[in-house]
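Novice:
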Amino acid sequence: MPVFFSLLAGVLFGAGLTISDMVNPARVSNFLDFAGSWDPTLMFVMAGALAVTTVGYKLIFRRNSPVADETFHLPTQRQIDLPLVGGAALFGVGWGLAGICPGPALADLVTLEPKLFVFVAAMLVGMIAASVLRVRVSAMKDLRQS
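In UniProt numbering, the protein residues as written are 1 to 146.
(1) Hey, how far is the Cα of D69 from the Cα of S6?
(2) Could you check the C-alpha separation between G16 and M43 for me, to the nearest Å?
(3) With burial defined as no fewer than 16 other Cβ atoms inside 10 Å of the residue's Cβ, what is the status of A35: buried or exposed?
(4) Give me the Cα-Cα distance between V55 and F4, rounded to the nearest whole angstrom.
(5) Report all residues from its chain with a CB closer than 8 Å to the CB of G87; omit the five preceding and five following residues, and keep chain order.
(6) Hey, how far is the Cα of L112 from the Cα of V118?
(7) At which residues does the alpha helix (DSSP H) containing N30 begin and terminate?
(8) Does the segment 13-32 come close enough to the segment 99-111 that 3 or more CB-CB pairs lie under 8 Å?
(9) Pop quiz: V120 and A107 are said to be a contact at Cβ under 8 Å. What is the actual Cβ separation, rounded to whole angstroms?
(10) Determine the contact status of F13 and G103, defining contact as a CB-CB distance below 8 Å.
(11) Where do the ends of the alpha helix (DSSP H) carrying M140 lie?
(12) Mind checking L59: buried by the 16 CB within 10 Å criterion, or exposed?
(13) Between which residues of its own chain and M123 is the CB-CB distance below 6 Å, once the five residues before and five after are set aside?
Here you go:
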């Protein structure tokens, strides 16, 4: 059941990106171009997503548990640390250099454009590398503490 809901959420997310034309890199670039051809569309899409999310969270957290699982899985980290800031910076740099955001890149894979496959492959390699690095750093910390 959780896999079905994950797939449904992904399809809904991709449909929302496609309908709002957020899969178009020029749309996002123009949002960031305050001095030129500024396009506020992204702001309205984000405001709409925030409104739906706010209502959704209010409704969901009235329940004792989620529909498709036994407990809610919420982040426990409340601290802003180097991995968070570094990851956010790397995300922004990658988006700026490639002109593609990861969510729309996944949705755009259906176009079969080679540059999207290269981008998604690089994104997956980065995710794996970050995971391996996180495990190694954690192991080094454990060694120092013992």
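We put the CB at the ideal spot given by N, CA and C, even for glycine.
Specialist: Walking through what the data contain:
(1) Their Cα atoms are separated by approximately 12 Å.
(2) Approximately 14 Å, taken between the alpha carbons.
(3) Looking at its Cβ environment, which holds fewer than 16 other Cβ atoms inside 10 Å, A35 is exposed.
(4) Each residue's alpha carbon lies about 22 Å from the other.
(5) For G87, where only same-chain residues beyond five positions count, the Cβ hits under 8 Å are A130.
(6) The straight-line gap from Cα to Cα measures roughly 11 Å.
(7) Taken as a continuous stretch (DSSP letters only), the alpha helix (DSSP H) holding N30 covers P25 to L32.
(8) Of all C-beta pairs linking the segment 99-111 to the segment 13-32, three or more are shorter than 8 Å, placing the two stretches in contact.
(9) Between V120 and A107, the beta carbon gap of about 11 Å keeps them out of contact (Cβ cut-off 8 Å).
(10) Yes, the Cβ-Cβ distance between F13 and G103 is below 8 Å.
(11) P114 to Q145 is the span of the alpha helix (DSSP H), which, as asked, contains M140.
(12) Exposed: under 16 other Cβ atoms inside 10 Å.
(13) Taken in chain order, the residues that qualify are P102.
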